[in-house]
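Before any comments, here is the structure.
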Amino acid sequence: VLLVSADSGTSVGRPTVAGAKVVAEVLAQGRESKVIVFQKKRRKRFQRKRGHRQPFTEIRVKEILS
Numbered sequence: 008v009l010l011v012s013a014d015s016g017t018s019v020g021r022p023t024v025a026g027a028k029v030v031a032e033v034l035a036q037g038r039e040s041k042v043i044v045f046q047k048k049r050r051k052r053f054q055r056k057r058g059h060r061q062p063f064t065e066i067r068v069k070e071i072l073s
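Listed below in structure tokens is the structure:
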């Protein structure tokens with residue numbers, strides 16, 4: 008946690024705020040839709056087509072404890 012703001016004030020971490028924690032829940036895990044990567048060199052009969060799917064984790068932050 009880099010910065011915590013509350014009614015009592017704001018604390019900035021260098022590099023992080025000591026003792027601060029984040030409580031979160033995992034909503035979903037999966038893979039994104041496919042991205043096509045296509046490479047071609049003109050006049051050389053070279054072309055390459057590849058796909059990529061990035062894994063992801065969707066979370067919901069419930070609270071930040073400091």
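Every number in my numbering is 7 more than the matching position in the sequence shown, counting from 1.
Every residue, glycine too, gets a C-beta built ideally from N, C-alpha and C.
Pair within 8 Å by beta-carbon distance, Lys56 and Val30:
no
Give a yes or no on whether the C-beta atoms belonging to Val19 and Ser73 are separated by under 8 Å.
no
Would DSSP call Gln54 helix, strand or coil?
strand
Start and end residues, beta strand (DSSP E) containing Lys41
Per DSSP, Lys41 belongs to no beta strand (DSSP E) and is neither H nor E.
Report, in whole angstroms, the separation of the C-beta atoms of Val8 and Ala35, which I expect to be a contact under 8 Å.
Contact flag wrong, Cβ pair sits at about 24 Å.
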